[in-house]
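S.K.: In the working numbering, the protein residues as written are 24 to 322.
Think of the CB as a built atom: it goes at the ideal place given N, C-alpha and C, for glycine as much as any other residue.
All values reported here derive from a predicted model rather than from experimental measurement.
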Amino acid sequence: MKGQLKKNILRYKEIYLLLIPVLIYFLVFSYYPLILGILKSFQKVKLLGGYEMVGFNNYKEIFGDRQYRQAFMNSLAVGGGTFLLQFVWGLLIAVLLNEIKNKAPKSLFQTVTYIPYLLSWSVVGGLWISILSPAGMVNGIMRAVLGNSYSPMVFMSEGRFARSIMIFTGAWKGAGYFAALFLAAMIGIDSALYESARMDGATRIKQIRYITLPVIVPTMKVVAVLSVMGILRNFDQIFVMMNASISDKVKNLLVLIYEQGIIQFNVGTATAAATVVLIATLLITSAIRKILKYDEIYS
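(1) Looking at C-alpha atoms only, which residue of Tyr54, Ser180, Ser53, Gly197 is the closest neighbour of Gly102?
(2) Pull up the DSSP beta-bridge partners for Gln66, would you.
(3) For Gly162, count the other beta carbons within 10 Å of its own beta carbon; 16 or more makes it buried, fewer makes it exposed. Which is it?
(4) Under a Cβ-count criterion, where at least 16 other Cβ atoms within 10 Å of its own Cβ denotes burial, should Phe95 be classed as buried or exposed?
(5) For Tyr173, which three-state DSSP category applies?
(6) Pick out the complete alpha helix (DSSP H) segments inside the stretch 239-301, 4 residues or longer, and give them in chain order.
(7) Using the Cβ count rule (16 or more neighbours within 10 Å means buried), how would you classify Lys124?
(8) When the Cα atoms are used, what is the spatial distance from Gln27 to Lys36?
(9) State the CB to CB distance for the pair Gly104 and Arg183, rounded to an integer number of angstroms; the pair is presumed to be in contact (CB under 8 Å).
(10) From Lys244, Arg221, Val245, pick the residue whose C-alpha is nearest to that of Ile234; which is it?
(11) Starting from the N-terminal side, write out each stretch of the beta strand (DSSP E) that is 3 residues or longer and does not extend beyond the stretch 72-145.
(12) Taking 7 Å as the limit between beta carbons, can you name the residues of its chain near Thr136, skipping five residues before and five after?
(13) Report back the beta-carbon spacing between Ala247 and Ile152 to the nearest angstrom; my notes put them in contact at under 8 Å.
(14) How many whole angstroms separate the CB atoms of Ile85 and Thr304, which I take to be in contact at a CB cut-off of 8 Å?
(15) To which residues of the same chain is Thr294 closer than 6 Å at the C-beta, ignoring the five residues directly before and after it?
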């Protein structure tokens, strides 16, 4: 066994040598900071240098702190809602694009839906804050429909709309990317399947239901699992679009970690919360893999 392993290493030594820089990169920039952060979560870091080992006190503090519990619930609500809407929205766009046979309108529609994904949250957030402002487009449409008696609403300051706005804008930005992934899988479907279905009298709806969607199920599973990993890691959107009026409804763990660790220099509690995010992400991803039977894709 060892002799065979040695032969394989010698046989593919050039490939292993090429992997060394990649391994060094991940060790230095990924695993070392990860291990250092986990160690910091058991320490109380002093502002003027030095640290004190405090065991699990940082974890006890964050689990007993209302703002951390609220931030965790906000992360789940906004992240989970964004993922679900983005998934359905992206799938719908992909199906529509797949049904368009004329190349010009198909390319135009695909470009328009994909562009938001390429823009930063500084641009997208500012755009939607402007659209939802009292003098923005939404209030303008409402005034045109309801008349001058309509009083403009400050949507971005209303707690009841806060999560819905974050979910909608997040899905609006990412749906085009999901659509591109789904469409790539749809393009690979054998056209003979559709021809046979049409000869049997199947309508377009039935073709989509019984051919298109079942064939891209493996792609849907991969996209779902990869996307679930980011449910608790939405920083940019909340940081850009959040304000004091709605912070209690949308402030998530990453924004709170930034405030605690960078601004207030509570490094110990911030790294403990970051470790909790890592563990929670692993648990959620593992659960979704089981629910979707993800491993059956490769069985």
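M.R.: Put simply:
(1) The residue given as residue 102 occupies position 79 in the sequence shown. Cα-wise, what sits closest to Gly102 is Gly197.
(2) Residue mapping note: residue 66 aligns to position 43 of the sequence shown, counting from 1. DSSP lists Met76 as partners of Gln66.
(3) The residue given as residue 162 occupies position 139 in the sequence shown. In the sequence as presented, Gly is not what sits at residue 162; that position holds Asn. Flag for Asn162 reads buried.
(4) Sequence index remark: in the sequence shown, residue 95 carries index 72 (1-based). The C-beta of Phe95 has 16 or more other C-beta atoms within 10 Å across all chains shown, which makes the residue buried.
(5) Within the sequence shown, residue 173 is the residue found at index 150, counting from 1. Reduced to three states, the DSSP call for Tyr173 is coil.
(6) You should have 240-251, 259-264, 270-273, 276-281.
(7) In the sequence shown, the residue the question calls residue 124 occupies position 101. Burial call: exposed.
(8) In the sequence shown, counting from the first residue as 1, residue 27 sits at position 4. In the sequence shown, counting from the first residue as 1, residue 36 sits at position 13. Cα-Cα distance, rounded: 14 Å.
(9) On the sequence shown, position 81 is the one that residue 104 refers to. On the sequence shown, position 160 is the one that residue 183 refers to. The pair is not a contact, with the Cβ atoms about 15 Å apart (cut-off 8 Å).
(10) As a position in the sequence shown, residue 234 is number 211, starting the count at 1. Nearest C-alpha to Ile234: Arg221.
(11) Complete beta strand (DSSP E) runs here, min 3: 74-76.
(12) As a position in the sequence shown, residue 136 is number 113, starting the count at 1. So the qualifying residues of the chain are Ile116, Ala198, Gly199, Ala202.
(13) Position 224 of the sequence shown, counted from the start, is the residue given in the question as residue 247. Position 129 of the sequence shown, counted from the start, is the residue given in the question as residue 152. By a beta-carbon distance limit of 8 Å, Ala247 does not contact Ile152. Their separation comes to about 30 Å.
(14) On the sequence shown, residue 85 is found 62 positions in, with the first residue counted as 1. On the sequence shown, residue 304 is found 281 positions in, with the first residue counted as 1. That pair is no contact at about 16 Å.
(15) If you number the sequence shown from 1, residue 294 lands on position 271. Cβ neighbours of Thr294 beyond the five flanking positions: Gly60, Lys63, Ser64.
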